Structures are given as C-alpha cells and as structure tokens.
Amino acid sequence: MVIINGKIVTMAGPTIEKGYIRTQGTKIAEVGPMEEYQPAQGEEVIEAAGAGVYPGFVDAHCHIGMWEDSMGFEGDDGNEDTDPCTPHLRALDAINPTERCFSEALAGGVTTVVVAPGSANPIAGQVCAMKTRGCCVDDMLLRENIAVKLALGENPKITYHAKGQAPTTRMATAALIREQLAKTRRYLEDKEAAAEDEELDEPELDFKCEALIPLLKREVKAHIHAHRADDICTAVRICEEFDLDYLLIHCTDGYKLTERLAARGAGAVTGPLIGSRTKPELAGQALENPGLLSKAGVKTAICTDHPEVPIQYLALSAGIAVRGGMDYDEALKAITIYPAELCGIADRVGSIEPGKDADLVFFFGDPLSVYAKPKLVIVNGECK
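Residue numbers (the UniProt record's numbering): 1 to 384.
Here's what the structure looks like:
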C-alpha cells in the first residue's frame, strides 16, 4: 500500500509538505517527498491530497477496558483493593478489548494505549502497552510489561481508611512501598547468591518479589500516580533511594516544581485536562501545567486517564494544553512521539519512519481542533 500527495507530519524530523508513505505488511517501508516516489505495479494507492498524515496517537496512561463503559461493578476490574501491595497483578488480565471504547479510541485517532491498574494500592500492578484494534489482548500487545504502577496521595488513604487498615496516611503509603522494595532487593540478592553458590538454597518463590525484580534492575519503569507537589517529591525521593527509572503520572502540581524536575531529568504524563477539581489533591489543577513543564525542559506527554476523560478526546486534550500556553508542536509530540519514548515503545510507534508500525491518522485541518475528526485511521497497515 502507498499513500501519496499527503502532508506527512513525521514527528521524526521536518514535515514533508507533499510526500508519500509506502507500507509493507504491518510496517512502514518508505517515507519521502513525492519527487522520490516510484509507482509499483499492482500496489494499492491511497490519495491523500489536502490531508495531513500523522502518526497514530498514543495515550500514555489510561484504564481502557478495565472500567467498562456503562457496566458498573460487573465491569469494574481496575483495583484489587483487598491488599495494598499487588505488584504481581497484570493490567492485561483485566482488559476487555471488545468493549465499545476501543472503537471510540480508533475513531479519535488513538491507535496505541498504555493501560495501568488503578491507584487504590500503593503498589498496584503491571502496566502494558497495546493497540486499540483487535479482539484478543494477546494479539494487540506491544509490550506485556512496561512498568510497575505505584500510587501516592489520597487514593490509597481513602481506600484503606475505609477498611480500617494501613495505609491511612501518606507516611504509611511511602513506608509500604519502601518495605516491599527493600524486601525484593534482599530476595534478589539471595537468589543471585544461590545461583553462584550451589551450597546455598534459593529463597522460596515469592510472586510479589519476582514481579518487582525487573523494576529494581531498571528493565521497566515505575509509573507513579502523584498529583500534589509533596507527593511528587516523595515519588522522586523513593525512586532515587532505590535507583529506579520512573515516570510521573498526572503530575498535577508539576508546574510548582519545574526546575527541580527538569534538573533530575524526570518525565511527566499530564492529565486528565478536561474535568473539575473533584478532590482536595486536585486543588492546584491548571491548564498551564503541561506547557510550563514542557518549557522548563521536562519531557511531557498528555493522557486522558480514560474513563476520567473519554479516550477519543486525547487530541482535544492536547488542544486544550495549547490553549493553556503549551507550544503547538510540543502538544502534538505529547500525544505521539513523547509518550512512545517515555513508555519505552518508540521503536514501534509515535512517529512516521521506516521500520515502525504502520499506524497512521489522516486529518483535513488541525487535528487538535474541537472540530477535528479523522478521515482515515490505519493500524498495523490495515485501514479502519
């Protein structure tokens, strides 16, 4: 298949004002200006004159398929709030890919989603990245485990205060995370020592520790739910103590800490940007947040946190960030290449380059406008 005469917004370099994209199977094979285009016999041709062709949008943090639309308790599978420490739980085991929000994601140009457990538990479980087209999660996965979800702030407090058990304070939430990470570090040391000395016994299998070993080895990131400035600082503090690679999720008060976060090379996923201040830790919520973080040098993505904001409004959320002062190109990157880079999937998605997945979205007009609606969505080289 070849797409011709479109404005190719690659997100990997300069925009090609009149160019072509050739796909081969599920991948992008060629990208270039029309002057370099050579027709191939029998090839399907898509005429894109007048359209802008963009990489499929990437939502860096959501819960699609875990809180099913219009279902109530029967479709609520995002929080296992019977145990505050559940690193061995996997988001992919709770996702229903046949629910209608996946179709709505495609209709909004969102072709890749990063799906995480909820934030009731300080250590909540494993995060996956997947495409939005398919009927079986196994066939839709980009990465089975890209991160471990951690949560600070109000949600763990509220959840476990109601049950009369720890954590009911921010102190206990942080302590629980530290305790489990320290336990895992000892478990890993014992396991490695036993592997080197046959006279030593391996530690008894611990699923929670096994799930956290990739985090301690920096093979995956910690995705840390934190809204308030003090919780953001606690997140950074814990990650630095244990030398974790991390990504700040929501980072609502991040604009109060821009220099600090930039100096540490922190990345942030901001959002949801559409909604009211429904709880105390959102008191500082501001549309200016993504723009201020970005201008300070913090690599910033934008998310819907679906179902908090419906997944199809990801591009609209980026447009609202522009309204709040974010540079337009940075806002576009915040739903394409930046989330891909921050979440470790930029080898597959986020830009239009040879070798990457053929995930493409066609717009006539500004994709971040309230009027924007994709004309065509291609996922893995197949037209929607």
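Every residue, glycine too, gets a C-beta built ideally from N, C-alpha and C.
Quantities reported herein were computed from a predicted structural model and do not represent experimental measurements.
Item	Value
Spatial distance of Ile4 from Gly52 (CA atoms)	11 Å
Coarse secondary structure for Ala105, derived from DSSP in three states	helix
Extent of the continuous alpha helix (DSSP H) to which Cys128 belongs	Looking at the DSSP string, Cys128 is not in any alpha helix (DSSP H); the run it does join, the beta strand (DSSP E), is 123-131.
Beta-carbon separation (whole angstroms), Asp59 vs Cys303, contact threshold 8 Å	6 Å
Three-way DSSP call (helix, strand, coil) for Asn380 in this model	coil
Touching by the beta-carbon criterion (3+ pairs, under 8 Å), the region 354-361 and the region 322-334	no
Contact check, Glu99 vs Ile146, beta carbons under 9 Å	no
Simplified DSSP assignment, three categories, for Phe362	strand
Under 9 Å between C-beta atoms of Ala321 and Leu273	yes
CB contact flag (Asp243, Arg218, <9 Å)	yes
Proximity winner among Met130, Ile123, Pro117, relative to Leu176 (alpha-carbon distances)	Ile123
Nearest-angstrom Cα separation, counted from Ala331 out to residue 385	An answer regarding residue 385 cannot be provided, because it is not within the stretch 1 to 384 covered by the chain.
Those residues which DSSP pairs with His225 across a bridge	Ala151, Ile249
Close Cβ partners of Glu288 (< 7 Å) along its chain, the five nearest in sequence each way excluded	Tyr255, Gly324, Gly325
Best match in Asn96, Gly19, Phe57 for proximity to Gly75 [C-alpha to C-alpha]	Asn96
Pair within 9 Å by beta-carbon distance, Gly125 and Asp231	no
Nearest neighbour of Leu314, chosen from Asp69, Leu293, Val114 [CA to CA]	Val114
Contained beta strand (DSSP E) runs [length at least 3] in the region 36-115, N- to C-terminal order	45-47, 52-55, 57-62, 110-115
Rounded Cβ spacing between Ile352 and Pro55 (contact assumed at less than 8 Å)	5 Å
Closest Cα partner of Gly109 within the set Ser317, Leu342, Ala346	Ser317
Cα-Cα separation, Glu30 to Phe362	17 Å
DSSP bridge partner residues for Ile146 (one or two, in chain order)	Looking at the DSSP assignment, Ile146 forms no beta bridge with any residue, so it has no partner.
When Ala195, Met171, Pro214 are compared against Arg185, the one with the closest alpha-carbon	Pro214
Bounding residues of the alpha helix (DSSP H) (the contiguous stretch that carries Gln180)	170-196
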